[in-house]
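Working notes, structure below.
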Amino acid sequence: MPTASLSVLDVPFDERPDPDEYIRAAMEWHFGPDTGSPFWLRKARTLDFDPRRDVKGVADLALFPNVTGELRDVPVRDLIPQGYGADARIVGVFESGGTTGAPKRIVCLRDWLDRLTHGLSADLDGLGIPRGVDWLAIAPSGPHMVGEMVAGTAARHGGLMFRVDMDPRWVKKLISAGKAEETDAYVSHLVEQAAYVLRTQDIGVLMTTPPLLERLARHDDLIELIGEKVKGIMWGGAHMDADTRDLLRNEVFPGCALYGTYGNTMILGGATERLGLGPDEPCVFDPRTPFVTFSVVDPASGEPVPYGERGQVVMNHVSKSALLPGNLERDLAIRVPPPEGAAGDSVADVGPVAMFDDEVVIEGVY
């Protein structure tokens, strides 16, 4: 099989390359002695296959072991592909939420963040969210990538972004310790800050999590404010069940386009809600293939479950700037056929497992 041209790794944002050709090019890049990262060049010596020879397409990403646990300790500079040389534009070092132990770290480069935010902004166009309106994000910032992602999307969509910072790790500690009153007080603190922004600024897009949306919905004055000003609500982080989604979309915030995202820091983004779904259809998430792909597998065997069946989600990120295949997620979902021309699986009815890596899974507010 001929070697794929590395130029496919830099396709224009509006183009989706052939998935298998793209993966072959990525293997050449990430495992080339002059272009690969120190981390993956070291890891290649321990693999029982040759990625440049044996990984011929998306399906072969299953050959890789899950290395995300190593990202708790690896020197982050070792994750940057050498092929960038002095041109690696680093957006930031970001960490996972620490839901299942010590946080893992990744490096995000500008070329990937630009591709990600372009796609999100295009989805907002598809939903009819006007450009040039301002945003309020009630979401983590600091070491968490979501803050940078939302800020980049707001800017690309022509808006200013107002922020209410959220510390999901602190909330999880409070919940784990059984401190319900302190948890409630912290969430009230977030709502108070958001309310001040909503009352004083012309906010057109609200980005937050399902638990925060539910807390905002306890206040009639905030429901009215959001109904008057906000054109779109982007939610993500914690999961939202179908009944809650239906209630928020049709009864609490009927004038707002409700738009879901699903992913995590370990794939530097994730999947977005399929556009054009009917009012009675479940929320389906489509990853941006071939850069991000999902598979839904039987937790015991690791084999794909049939379409329409529930299994555990495995995520892959393959871009020029990063390679993170085989990430077994802490989520269960229904396996859904992908859109025409896409690779891997789409997912619906996503929810967390009870235990992961011998840790109790606590979602908290994010």
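Start counting at 1 in the sequence shown, then tack on 4, and there's your number in my numbering. Beta carbons: idealized from backbone N, C-alpha and C, even for Gly.
Unbroken alpha helix (DSSP H) stretches of 4 residues or longer found wholly inside the region 84-136: 114-131, given in chain order. Taking the Cα of Gly-355 as reference, the smallest distance to any Cα among Arg-334, Gly-348, Pro-342 and Gly-345 is reached at Arg-334. Classified as exposed, Tyr-200 has fewer than 16 neighbouring CB atoms from the shown chains inside 10 Å of its CB. When C-alpha distances from Glu-232 are compared across Pro-55, Ile-94 and Leu-210, the shortest belongs to Leu-210.
With a threshold of 16 other beta carbon atoms within 10 Å, Ala-106 falls short and is exposed. Around the beta-carbon of Leu-117, 16 or more other beta-carbon atoms lie within 10 Å, marking it buried. In this structure, Leu-65 lies near Val-59, with their beta-carbon atoms less than 8 angstroms apart. Excluding the 5 residues flanking it on each side, Val-15 has same chain C-beta neighbours closer than 7 angstroms at Pro-21, in chain order. In terms of CA proximity to Val-296, Asn-331 leads the group Asn-331, Ala-304 and Val-78. Gln-316: member of the beta strand (DSSP E) spanning 314-322, first to last residue.
The beta-carbon distance between Leu-131 and Gly-61, rounded to whole angstroms, is 32 angstroms. This is too long to meet the 8 angstroms contact definition. Between the region 154-173 and the region 265-284, the count of C-beta pairs closer than 8 angstroms stays below three; the two stretches do not touch.
Assigned with DSSP and collapsed to three states, Asn-254 falls in helix.
In this structure, Val-111 lies away from Ile-142, with their beta-carbon atoms at least 8 angstroms apart. Ile-133 and Ala-261 have their C-alpha atoms roughly 8 angstroms apart.
Listed in chain order, the non-local C-beta contacts of Asp-82 below 7 angstroms within the same chain comprise Ser-41, Pro-42 and Phe-43, local neighbours out to five positions each way being set aside. Cβ neighbours of Leu-67 within its own chain (closer than 7 angstroms, five residues either side excluded): Phe-53, Asp-58 and Val-59. When secondary structure is reduced to three states using DSSP, Val-340 falls in the strand class. If the five residues before and after Arg-314 are omitted, its C-beta is found closer than 6 angstroms to the C-beta atoms of Leu-336 and Ile-338, all from its own chain and listed in chain order. Contact annotation, Thr-276 with Phe-289: C-beta distance approximately 7 angstroms; criterion of less than 8 angstroms satisfied. The beta-carbon separation of Pro-308 and Val-301, rounded to 6 angstroms, stays under the 8 angstroms limit for a contact. The beta-bridge partner set that DSSP reports for Phe-289 consists of Glu-277 and Val-351. Counting only runs of at least 3 residues, the region 9-81 fully encloses no beta strand (DSSP E) element at all. For Ser-299, the secondary structure class from DSSP, reduced to helix, strand or coil, is strand. Ile-227 and Asn-254 have their C-alpha atoms spaced approximately 13 angstroms apart. Counting along the chain, Val-209 sits inside the beta strand (DSSP E) bounded by residues 207-212. When beta bridges are read from the DSSP output, Thr-187 appears opposite no residue.
Across the set Asp-138, Arg-119 and Leu-327, the C-alpha of Asp-138 shows the shortest separation from the C-alpha of Ile-230.
By the 16-neighbour rule on beta-carbons within 10 angstroms, Gly-146 is exposed.
Around the C-beta of Thr-213, 16 or more other C-beta atoms lie within 10 Å, and the residue is accordingly described as buried. Ala-347 counts as buried, since at least 16 other C-beta atoms from the protein chains shown sit within 10 angstroms of its C-beta. Apart from sequence neighbours up to five positions away, the residues of its chain that approach Ala-92 with a beta-carbon distance below 7 angstroms are Ile-84 and Leu-113, ordered along the chain. If you look at Met-149, you'll find it in the alpha helix (DSSP H) that goes 149-160. For Trp-139, DSSP records a beta bridge to Met-165 and Val-209. Restricting attention to Glu-285, Pro-342, Ser-100 and Arg-119, the CA atom closest to the CA of Lys-324 is found in Arg-119.
One alpha carbon belongs to Glu-344, the other to Thr-293, and they sit about 11 angstroms apart.
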